[in-house]
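For reference, the structure is listed below as structure tokens.
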Amino acid sequence: MSRPLIAANWKMHLGRAEEALGLVRRIRHPLGRIDGVEVVVCPPFTVLPLLAEVLGPSPIALGAQNMHWAERGAHTGEVSPSMLAGLCQYVILGHSERRATGGSTEDDAAINRKLKAAFGVGLIPIVCVGESGEQREAGATDDVVRSQVSLALAGLEPDQARRCVIAYEPVWAIGSGRPATAAEANRIIALSVRGAVAEGFGEEVAQAARVLYGGSVLPDNIAAFTAMPDIDGALVGGASLGPEFVELVLRVSAER
Ligand code: PGA
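Count along the sequence shown from 1, add 1, and you get the number used in the working numbering.
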């Protein structure tokens, strides 16, 4: 199994220089001493250049939380792939909080364009998929997740599909304090996420792609997820906003 990947999704928090620097100064040295876990911090755009400069070549990688697929043009308020390429290594795409309100700039076709554009400038996408509470109750989880995965990855080269990071984040588990059980998350990831990758690109690629779980991950429950055979790490929101993030990453390292 590959080295676990823990990605911090700061969302619309810590976007002012002093608050972002405050947290990064507290966590960078302790995180640097933890072996065997890859850490990616995804701050708001406003502090990405600053953190890129402060971290320099560091064991902590950086990611953006979104980008547009177009390289330039009349897209007021958007950020293009090459604007990010020199600043970070990863980009979160298709987060459910964006899919919910983004209309045609966040539908499956748009997310697919964004993935291709990310690879075009050498960024690794962290593409988010997951069913809503209603879809889950209707028994549609497998269909929803499979379709989101296959539409997001459609038309990629097999080598790109292999390098994708896919975050399975059930919408009902995000920020709710009600995570999926580790067994349930592992089951959906094996069946629906890796199943859809295997359909498009073959079993070998499906096993090689890194798949994270996200949704109410905490220091106290992270090890149960990363102990699962099909879960390669986590996308962490609330628990990434303070020094407890170090504790969370330590638990992953200790469990290996
Ligand atoms: P949460 O968010 O850890 O606060 O549930 C996860 C996410 O939205 O990526």
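From the three backbone atoms N, C-alpha and C, an ideal C-beta is built for every residue, glycine too.
Since this is a predicted model, take the numbers as computed values, not measurements.
Nearest-angstrom Cα separation, counted from residue j out to residue i
| i | j | result |
| --- | --- | --- |
| Asp231 | Asn187 | 6 Å |
| Val80 | Leu249 | 31 Å |
| Ser177 | Ser217 | 6 Å |
| Ser193 | Arg147 | 5 Å |
| Gly169 | Val198 | In the sequence as displayed, the identity of residue 169 is Tyr instead of Gly. C-alpha separation (whole angstroms): 13 Å. |
| Cys129 | Asp143 | 15 Å |
| Met13 | Arg73 | 24 Å |
| Pro220 | Leu251 | 9 Å |
| Ala139 | Pro44 | 35 Å |
| Asp233 | Gly104 | 30 Å |
| Pro171 | Ser151 | 17 Å |
| Arg26 | Pro50 | 16 Å |
| Ala174 | Pro180 | 5 Å |
| Val41 | Leu15 | 15 Å |
| Leu157 | Arg163 | 10 Å |
| Ala86 | Gly121 | 10 Å |
| Gly123 | Ala141 | 34 Å |
| Val212 | Ala110 | 21 Å |
| Leu116 | Gly201 | 15 Å |
| Leu56 | Leu236 | 20 Å |
| Glu204 | Val145 | 20 Å |
| His69 | Gln161 | 19 Å |
| Arg195 | Asp108 | 21 Å |
| Leu22 | Gln90 | 19 Å |
Proximity winner among the options, relative to residue i (alpha-carbon distances)
| i | options | result |
| --- | --- | --- |
| Ala228 | Thr182, His69 and Trp173 | Thr182 |
| Ala8 | Gly121, Pro60, Gln161 and Arg73 | Pro60 |
| Ile106 | Pro180, Thr77, Ser254 and Thr47 | Note on residue identity: the sequence assigns Thr, not Ile, to residue 106. For Thr106, the nearest C-alpha among the options comes from Thr77. |
| Asn113 | Leu251, Glu205 and Ile167 | Ile167 |
| Met84 | Ala224, Ala119 and Phe202 | Ala119 |
| Glu185 | Pro126, Gly215 and Leu94 | Gly215 |
| Leu154 | Glu135, Ala207 and Thr102 | Ala207 |
| Glu20 | Ser3, Val237 and Pro244 | Pro244 |
| Pro1 | Ala71, Ile93, Val247 and Arg179 | Past the edges of the chain, shown from 2 to 257, lies residue 1, and the structure says nothing about it. |
| Pro58 | Gly37, Trp11, Leu88 and Gly23 | Leu88 |
| Trp11 | Gln66, Trp70 and Pro5 | Gln66 |
| Ser254 | Leu56, Ile223 and Thr102 | Ile223 |
| Val48 | Glu39, Leu24, His96 and Thr102 | Leu24 |
| Ala53 | Gln161, Arg29, Ala71 and Met68 | Arg29 |
| Gln149 | Ala209, Gln90, Thr102 and His96 | His96 |
| Gly238 | Trp70, Ala71, Ile93 and Glu39 | Ile93 |
| Ala209 | Glu39, Ala71, Ala62 and Pro159 | Pro159 |
Outcome for residue i when other beta-carbon atoms lying within 10 angstroms are tallied against a minimum of 16
| i | result |
| --- | --- |
| Gly64 | buried |
| Glu132 | buried |
| Glu98 | buried |
| Pro82 | buried |
| Arg137 | buried |
| Ser3 | exposed |
| Pro126 | buried |
| Ala225 | buried |
| Arg17 | exposed |
| Pro5 | buried |
| Arg34 | exposed |
| Arg100 | buried |
| Ala75 | exposed |
| Arg257 | exposed |
| Gly134 | exposed |
| Gly37 | exposed |
Exercise. At 3 residues or longer, and completely inside the stretch 194 to 222: list those beta strand (DSSP E) runs for me, N to C.
Key: The stretch 194 to 222 contains these whole beta strand (DSSP E) runs: 211 to 215.
Self-check item: Every unbroken alpha helix (DSSP H) inside the stretch 61 to 128 [4 residues or more]
Solution: 82 to 86, 97 to 100 and 109 to 121
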